Structure formats: structure tokens, C-alpha cells
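In what follows, a structure is listed as C-alpha cells, so that the remarks can point back to it.
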Amino acid sequence: MNASKKIIVVVESLNLGGSERQAIYLAKGLQSSNYEVSILALGISGNAANWIDSLGIPHKHMNLPLYTHAAHIIKSNKKELRKHFKIESPYALIPFTYWPNFYCNWVFARSRVKKCYWNQRDMGIRFGKFKGLSKIINKSSHLIGNSEACIKSLIDYYNIQEKPYSVIYNGLDSKFFSINYTVSEVGIKHAVMVANIQRNKDHETLIRSWQIIKNELGKECPVLHLAGEKRDTFDDLFNLVRKYELEDVVQFKGMVDNVAELIEQMDFAVFSSNAEGNPNGLLECIAGGLPAIATNIPATREILGDKYHYLIAENKPDEFATKVISLIKECSEMEQISIANRSKILTNYSMKAMIDSYIKLVES
């Protein structure tokens, strides 16, 4: 291992989501392996800045205008990034999510950076939005996906045939695996979904299902805790909760600093989303021992298995409600489900496996 190698981990902003959390874990792991590491946010600072400071990782945000393919914006951003990378002179760039992938892979070669990866973290929510994207993808040193489904979506959409790729699963903090899950003796009272409140999640189906659950179970309806930053869909979802008079059984927790502590207080997890790469919030809940009910999409099947009983068709609040009620009524099975799910992810989703996989790419 060459300890003199400088690596910049690039994120969209310093607002904390699943991908940003993984980027920070990776940066710390690389730093602990004697690489010179920093974190660069193309856009704004955010709530992750203090955490990054506490870890002793240098970081910077550039306040570049993102979220548009306007030619004059792209030209200006590329110029700023080339200038920055020439000054910093890193050996490799490891971007996370679309805009860092888009810009870093476009400019790295002309910025005298040796390696840059296309790091696919979703099922292609921006595929087809930019005419020349396939050329940018093919500039990359190597393709990375955080699930088989994720990398397959990229390869299939752009008909990539000869580019090397790797699947590197998310790394989970060992504190989640150390949570001692037990089935509550006083009834199933609390459910949690860990995900930011934003458009690429499907909290709406979940809230509609909770109306059905409340009508069916009455006072025995568990409280749904929605843990995540209140972003673009929050107002509509809050109004939906009020419309259905669910204020007593649906709580918006906002950004939670200690997710492991929250999970420890829960009875089971739910995850409603129609397109995911490798959902960190679901993985953390499973690692924490919570039985999980989730939308039946490629990413969740990859985690839980094709035949997992508690997978739900997309956009089906009635089915979601049925599975939740079934799990509550069959609570004697919950500990067995917990053990089985945990064992599925224990090896593939370890922090060490994730960091070692990136180091192997950097050193190859």
C-alpha cells in the first residue's frame, strides 16, 4: 500500500443521507489505512460537517450550482473543478451519487488525476437526462455499484459491454450488529422507517397503509416513526397525516443523530420505496435486529431474498397494511425473522469489507 496516495471523496453536499454517510465511513477507513484523505462537497455545507470535523477528516464545500444540465453552468463548474483538482493533485477521486459522478469523471483526466470511478448508488433516476452521459461513464477508470441491481441498471441502460465493474455493498457500523433485539412482552408498539423525507422514497404508501392499520387495530395500532430529514415531500405528507387524523400514530422525527439508539427502541422496521440502489436505512434496521417489511424491488430482494415473506408490491397500501397486521399477530415469529435477516447481511455488509474493496480498486 502506498501511504503517499492522496484521495478525495466527493459528495453532492454535506447534508447527511445514506450515500453521504457511506462516503464519510469510507474516508475515515482510508485515513485509518494511512491514505491522505479529504472530503469535497460540490454544493453546500450541511449537517454532516460537525461529524466530519470530529473524525479529523479535512473537508471543503464549493457551492457550485448543481441540479441542471444547462451548458453554461456545466462549463463553469468543469472549469472550477479542473482548477481545484490541479491544485490538490489527488491520485484518485471517489465520487458518490450522480452529480459528483457526472463532473468528476468528465474532468479528472484533464486535471492530471490518475483514477476516478463511476459510483452508481441508485437505479438510474437521472438516466437519459443528459445526451452525452454514456461517454462520461466510459471515461471512468472502473464502474462501481452498491448492489447487483444497481450496477445492472447502469450497464443495461447504456449497453456497456467491456467496462470493468465491481459491486461494493454498503458498510455498516458494528454498533448496529451489537444491538440486542428482543420481542416486546407488552405488545408491538413501535415501527420505524429510516430515510430522508424526499421524492425518491414512497412514504405516501406507508402513511396510507397506516390509516388501514389504525382502522383495523384501533388502540393497538403501533406508532410509525419516520426518521429522516424533512425535505421536498414533507409538507404533502404532513398534510396527509392530518387528513387521515393519524397524528397520534405517525411521528416525523426529523434527522436523528443516533440511529442505533432509535432502532433499539423499535419493534420492527418498514421500508417503502420504488427505486433503491442499496438502502442504508433498511440495512441499519436489519443489522440492529429489527424484522423488516419492505417494498418488493430488486434492491430489497437482493438484501432479503426473493422468497422473503414480508415483501410488498409497489404502491399497494392495502398489502402493506395486511403484512404489518400479520407480523403483529404472529409476533412469536419476530425473533426468528430477526436472526435470519441479520445472518444474511453480516458478511457482505461489514465496514471492513466495504473499505477493503475500495482499497483494492485504488491499488489495482
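Under numbering that gives the first Met the number 0, the sequence shown is numbered contiguously, ending at residue 363. For glycine and all other residues, C-beta sits at the position ideal for the given N, C-alpha and C. Fair warning: this is a prediction, and the values are worked out from it, not measured in the lab.
Buried versus exposed call for Arg207 [16 or more other C-beta atoms within 10 Å across all chains shown]: buried
Given this structure, state the Cα-to-Cα distance separating Thr232 from Gln197, to the nearest angstrom. 5 Å
How many Å lie between Leu216 and Val255 at the Cα? 28 Å
Close-in-space but distant-in-sequence residues of the same chain around Asn145 (CB under 7 Å, 5 per side omitted): Arg120, Ile167, Tyr168, Asn169, Gly276 and Asn277
With DSSP as the reference, label Cys115 as helix, strand or coil. strand
Would you mind sorting Gly304 into buried or exposed? The rule is 16 or more other CB atoms within 10 Å of its CB. So Gly304 ends up on the exposed side.
For Lys328, count neighbouring Cβ atoms within 10 angstroms of its own Cβ and tell me buried if that reaches 16, exposed if not. exposed
Buried or exposed for Asp266, please, with buried defined as at least 16 other CB atoms from any protein chain shown within 10 angstroms of its CB. buried
Do Asn76 and Pro94 count as a contact pair if the criterion is CB distance below 8 Å? no
Cross-strand partners of Glu35 (DSSP beta bridge): Lys5
From Asp317 to Thr204, what does the alpha carbon distance come to, in whole angstroms? 9 Å
Quick one, are the C-beta atoms of Ser139 and Tyr102 less than 8 Å apart? In this structure, Tyr102 does not lie closer than 8 Å to Ser139 by Cβ.
Could you compute how far the alpha carbon of Lys315 sits from the alpha carbon of Lys359? Straight-line Cα distance between these residues: approximately 42 Å.
Residues near Gly16 by beta carbon distance below 6 Å, same chain, minus five either side: Asn195
Cα separation between Arg241 and Leu223? 14 Å
For the alpha helix (DSSP H) that Thr321 lies in, which residues bound it at each end? Pro316 to Lys328
State the Cα-Cα distance for the pair Lys162 and Lys188, rounded to the nearest angstrom. 49 Å
Taking the alpha-carbon of Cys284 as reference, which of Ile338, Lys27 and His308 has the nearest alpha-carbon? Ile338
Thinking C-alpha only, which one of Ala226, Ser152 and Pro89 is nearest Phe126? Ser152
Which class does Ser349 belong to by DSSP, given the choice of helix, strand or coil? strand
Pull up the distance between the alpha-carbon of Ala48 and that of Ser331, whole angstroms please. 43 Å
Rounded to whole angstroms, what's the CA-CA distance from Arg109 to Ala70? Just pull it up for me. Cα-Cα distance, rounded: 19 Å.
Considering only C-alpha positions, which residue in the set Val106, Tyr157, Val112 and Ala148 is nearest to Lys128? Nearest C-alpha to Lys128: Tyr157.
Selection from Tyr243, Lys229, Phe237 and Lys82 that minimises the alpha carbon distance to Asn214: Tyr243
Could you give the first and the last residue of the continuous alpha helix (DSSP H) run that contains Ile296? Note, Ile296: premise wrong, no alpha helix (DSSP H); not H, not E.
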